[in-house]
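Participant:
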Amino acid sequence: MITVVGPGAVGGLLAALLHRAGEDVVAVARPATAQRIAAEGLQVRSDAFGTWTAHVPATTAVPAGSAVVLAVKAYALDDVLPGIVAARPRAVLALLNGTAHARALHAAGLEDVACASIQVEAAREQEAIVHRGGYCIVTVPDAAAGGAVPEALARAGVTVRTGGSENEVLWRKYSFLAPTALLTSWTDLPIGPALERDPAVTAGVVEEVAAVATAEGLTLEPERLMAALRKLPGTLESSLQHDVRRGGASELEALGGNLLALAAEHAIPAPSLERVVGDLRGRHD
Ligand SMILES: NC(=O)C1=CN([C@@H]2O[C@H](COP(=O)(O)OP(=O)(O)OC[C@H]3O[C@@H](n4cnc5c(N)ncnc54)[C@H](OP(=O)(O)O)[C@@H]3O)[C@@H](O)[C@H]2O)C=CC1
Ligand SMILES: CC(C)(CO)C(=O)C(=O)O
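Now the structure itself:
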């Protein structure tokens, strides 16, 4: 059995795809969400996969011994981790953005944990999961290739790749995600115009993120990172931007705060990151 913990935009899309492919899948959510999914199913509208409602079983507790796909936001990790540990899962595949969650998961005493990355543009709009952009790519560390969850995701239509060590997989995503998430949230613009809004801040953020990524083991030239950002579809919005726009809980600390802490640890000056993260923190107060 595969358990999707956090059946929101990302987890809901994957749970619906796994269910449609005939996998034995269950969604684990907080009571109100679990009740809604049990009653109404997961409604998906996807450019790539079509429109359908998946009647995925939903509950509030992780079934013992299942394989877990972890897709909560970083701020919910402390809430869900004890329930996952207690269920003694046979494997956990985490899809959170950033790197901070990896430390917590590996310290939790779980048997088989792999932190992967997902490239997808998904959002919850009213009660539906909307998947835009036509791509859904999960990159797993080499050591996790062939595992029950990556294999099931591939059978369900997800593009599954391997990407080296876990640190490489996480940093390859985080290094382009961080400027994308921070600049789209700071400007509340899609990535195309967000990159142009204040070229000095954009250049500073890119340079500082590249320096931190390099210090963390992923050699990355700022020019290469900027070129990768310019290749993104100009209309792309980030999940952090959606959360910041909505107000309330967001992954600002897990994505931006974590970068500032790592920059300080490596003695890397980060004035542009400080400005952007500081402004976003200010909007929370
Ligand atoms: N959205 C995207 O396009 C992408 C997102 N990501 C990353 O994937 C991860 C998930 O993001 P996303 O799917 O957008 O997030 P969502 O907010 O859409 O979904 C998060 C899910 O976690 C559940 N949850 C929240 N708090 C708790 C809690 N305390 N206990 C149990 N469950 C909880 C939510 O439940 P409830 O329904 O009750 O709120 C929801 O089902 C993040 O790390 C994000 O950065 C990565 C790539 C793209
Ligand atoms: C930027 C994007 C859509 C890329 O997959 C993402 O990871 C996010 O919004 O969290």
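Using UniProt numbering, you'd call the opening residue of the sequence shown number 1 and step up by one each time.
C-beta atoms are modelled at their ideal positions from N, C-alpha and C, and glycine is treated no differently.
#1: Taking the alpha-carbon of His101 as reference, which of Ala249, Leu70, Leu13 and Glu125 has the nearest alpha-carbon?
#2: Considering only their Cβ atoms, is the gap separating Leu236 from Thr180 smaller than 9 Å?
#3: Would you call the segment 245 to 260 and the segment 194 to 202 touching, i.e. three or more CB-CB distances under 8 Å?
#4: Can you list, in chain order, the residues of its chain with a C-beta nearer than 7 Å to that of His106? Leave out the 5 residues immediately preceding and following it.
#5: Taking three-plus beta-carbon pairs below 8 Å as touching, is the segment 89 to 100 in contact with the segment 17 to 34?
#6: When burial is assigned at 16 or more other CB atoms within 10 Å of the CB, is Gln241 buried or exposed?
#7: Quick one, which of Glu121, Ser272, Lys73 and Ala104 has its alpha-carbon nearest Ala48's?
#8: Flag this pair as yes or no: are the beta carbons of Ala54 and Ala91 separated by less than 9 Å?
#9: Indicate, with yes or no, if ligand 2 has a heavy atom lying under 8 Å from the CB of Thr180.
#10: Would Leu218 pass as a contact of Ser175 if the rule is Cβ separation under 9 Å?
#11: With a 10 Å radius around its C-beta and 16 neighbouring C-beta atoms as the bar for buried, classify Ala227 as buried or exposed.
#12: If you reduce the DSSP assignment to three classes, tell me which class Gly164 lands in.
#13: Could you tell me whether the Cβ atoms of Ala27 and Val72 are closer together than 9 Å?
#14: So, at 8 Å on beta carbons, what are the nonlocal neighbours of Ala61 in its own chain, with the 5 sequence-adjacent residues on each side left out?
#15: Which parts of the UniProt domain "Ketopantoate reductase N-terminal" (2 to 141) are runs of the beta strand (DSSP E), unbroken and 3 residues or longer, counting only runs that do not cross its ends?
#16: Could you compute how far the alpha carbon of Arg155 sits from the alpha carbon of Asp198?
#17: Taking its Cβ as the centre, do 16 or more other Cβ atoms sit within 10 Å of Thr202, making it buried, or is it exposed?
#18: Roughly how many whole angstroms lie between the Cα atoms of Leu273 and Glu23?
#19: Please report the straight-line C-alpha distance between Pro271 and Lys173, rounded to a whole angstrom.
#20: Considering Cα atoms alone, identify which of Ala128, Thr162, Thr59 and Asn167 is closest to Gly147.
#21: Answer yes or no: the CB of Pro271 versus the heavy atoms of ligand 1, is any distance below 8 Å?
#22: Helix or strand or just coil, what does DSSP make of Thr187?
Facilitator: Well, looking at it:
#1: Against the sequence shown, residue 101 aligns to sequence position 101. Ranking Ala249, Leu70, Leu13 and Glu125 by Cα distance to His101 puts Leu70 first.
#2: In the sequence shown, the residue the question calls residue 180 occupies position 180. In the sequence shown, the residue the question calls residue 236 occupies position 236. Against a cut-off of 9 Å, the Cβ pair of Leu236 and Thr180 comes out as a contact.
#3: no
#4: By 1-based counting over the sequence shown, the position of residue 106 is 106. Correct list, in chain order: Val113.
#5: no
#6: Here the question's residue 241 lines up with position 241 in the sequence shown. With 16 or more Cβ atoms within 10 Å of its Cβ, Gln241 is classed as buried.
#7: The residue labelled residue 48 in the question sits at position 48 within the sequence shown. The candidate whose alpha carbon is nearest that of Ala48 is Glu121.
#8: Counted from its first residue, the sequence shown places residue 54 at position 54. Counted from its first residue, the sequence shown places residue 91 at position 91. For Ala54 and Ala91, no; Cβs fall outside 9 Å.
#9: The residue labelled residue 180 in the question sits at position 180 within the sequence shown. At least one heavy atom of ligand 2 is nearer than 8 Å to the Cβ of Thr180, so yes.
#10: In the sequence shown, residue 218 corresponds to position 218, counting from 1. In the sequence shown, residue 175 corresponds to position 175, counting from 1. In this structure, Ser175 lies closer than 9 Å to Leu218 by Cβ.
#11: Here residue 227 is taken as the residue at index 227 of the sequence shown, counted from 1. Exposed, since its Cβ has fewer than 16 Cβ neighbours within 10 Å.
#12: What you label residue 164 is simply residue 164 of the sequence shown in a count that begins at 1. Gly164: coil per DSSP, three-state reduction.
#13: Residue numbering aside, residue 27 sits at position 27 when the sequence shown is read from its first letter. Residue numbering aside, residue 72 sits at position 72 when the sequence shown is read from its first letter. For Ala27 and Val72, no; Cβs fall outside 9 Å.
#14: To locate residue 61, count along the sequence shown from 1; it is residue 61. The answer, listed in chain order, is Val28, Gly83 and Ala87.
#15: 2 to 5, 25 to 28, 42 to 46, 50 to 54, 67 to 70, 91 to 94, 113 to 115, 117 to 125 and 128 to 140
#16: For this step, residue 155 is matched to residue 155 along the sequence shown. For this step, residue 198 is matched to residue 198 along the sequence shown. Between Arg155 and Asp198, the C-alpha separation is close to 43 Å.
#17: Taking the first residue of the sequence shown as position 1, residue 202 is located at position 202. By the neighbour-count rule (16 or more Cβ atoms within 10 Å), Thr202 is buried.
#18: Within the sequence shown, residue 273 is the residue found at index 273, counting from 1. Within the sequence shown, residue 23 is the residue found at index 23, counting from 1. Straight-line Cα distance between these residues: approximately 43 Å.
#19: One-based indexing of the sequence shown puts residue 271 at position 271. One-based indexing of the sequence shown puts residue 173 at position 173. Using only the alpha carbons, I get a separation of about 22 Å.
#20: Residue 147 sits at position 147 when you count from the first residue of the sequence shown. Closest option to Gly147, Cα to Cα, is Thr162.
#21: By 1-based counting over the sequence shown, the position of residue 271 is 271. Not so, every heavy atom of ligand 1 lies at least 8 Å from the Cβ.
#22: Locating residue 187 in the sequence shown gives position 187, where the first residue counts as 1. Note: Thr187 maps to helix in three-state DSSP.
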